[in-house]
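Let me begin by presenting the structure, written as structure tokens, before commenting on it.
Residue numbers (my numbering), protein chains in the order written: chain A, 239 to 352; chain B, 2 to 115.
So, in structure tokens, the structure goes:
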């Protein structure tokens with residue numbers, strides 16, 4: 239049962255335009271969401287996060303939007319740059335007995351063309 | 002060195018071999034994790050250690066054996082693996098395994114079981 243889904247395996251965007259990466263989740267108990275970015279031969283690196291009590295969080299060119307009623311979040315990158323080409327993982331935090339668990343989506347490959 | 006390091010970066014082993022993956026974090030964190038990433042699948046959490054105590058074993062076969070001798074080091078001992086165990090194994094650490102602390106990942110070990 240995949241609780242965090244990234245339905246687009248890849249996305250191609252022209253440099254300077256907006257990139258929109260989408261993520262859907264099924265568990266209404268998630269209360270914190272994160273986006274990670276991964277380059278080849280490197281581990282994922284934290285990009286931006288949002289609490290479930292907010293609907294928007296912005297950090298420079300990166301903005302994450304959360305629609306709790308739709309169980310949907312998106313990452314907007316504007317303007318997109320070639321260096322943004324990477325795999326983007328959506329993740330949600332689920333509280334467990336032992337602590338918190340990160341549940342990841344399968345990732346979306348973003349290619350920014352110059 | 003800074004951040005989270007993993008060795009080796011690549012490993013090829015036969016099904017009868019015994020090998021170990023090593024992870025070291027230089028961030029002063031108290032929680033460490035092992036993840037498995039198979040092709041086109043979400044990261045799967047395998048083990049969680051908090052203050053050197055294993056707090057989660059996510060239904061992982063016994064041919065994978067973790068060890069956490071101190072809060073900076075984490076090992077994954079491998080024996081009699083199967084070809085389907087070939088994957089990228091990622092280590093991560095976080096300040097704590099509660100709250101909303103993001104996890105910092107190492108570059109991973111690409112494991113191939115022949």
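Just so it is clear, CB atoms sit at the ideal spot from N, CA and C, and this is done for glycine as well.
Residue 329 of chain A is a Cβ neighbour of residue 242 of chain A, given a cutoff of 8 angstroms. Residue pairing by DSSP puts residue 45 of chain B in a beta bridge opposite B/37. Considering only beta carbons, the part of the stretch 318-343 of chain A lying closer than 9 angstroms to chain B consists of 327, 329, 331, 333, 334, 335, 336, 337, 338, 339, 340, 341, 342 and 343, in chain order.
Taking 8 angstroms as the threshold, the shortest C-beta distance from residue 98 of chain B to chain A falls below it. For residue 314 of chain A, the uninterrupted beta strand (DSSP E) segment begins and ends at 310-315. As the crow flies, the alpha-carbon of residue 8 of chain B is around 23 angstroms from that of residue 325 of chain A. Residues of chain B whose Cβ lies closer than 8 angstroms to the Cβ of residue 290 of chain A do not exist; the shortest such Cβ separation is about 10 angstroms. Residue state for residue 296 of chain A is assigned as strand, using DSSP reduced to three classes.
At a cut-off of 8 angstroms between C-beta atoms, residue 83 of chain B does not count as an interface residue with respect to chain A.
Following the DSSP letters along the chain, one finds residue 113 of chain B inside the beta strand (DSSP E) bounded by residues 110-114. Every beta strand (DSSP E) stretch that sits fully inside the stretch 42-106 of chain B and reaches 3 residues is listed by chain position as 45-51, 54-58, 65-71, 74-80 and 88-95.
It is roughly 43 angstroms from the alpha-carbon of residue 113 of chain B to the alpha-carbon of residue 291 of chain A. Counting along the chain, the unbroken beta strand (DSSP E) around residue 250 of chain A starts and ends at 248-252. Under the three-state reduction of DSSP, residue 262 of chain A is assigned to strand. The C-beta of residue 341 of chain A has 16 or more other C-beta atoms within 10 Å across all chains shown, which makes the residue buried. Think of a sphere of 8 angstroms around the beta carbon of residue 240 of chain A: the chain B residues whose beta carbon falls inside it are 43, in chain order.
Scanning B/11, B/111 and B/94 for the CA closest to the CA of residue 48 of chain B turns up B/94.
In this model, residue 264 of chain A and residue 346 of chain A are separated by some 18 angstroms (Cα to Cα). Taking 8 angstroms as the CB threshold, residue 272 of chain A lines the interface with chain B.
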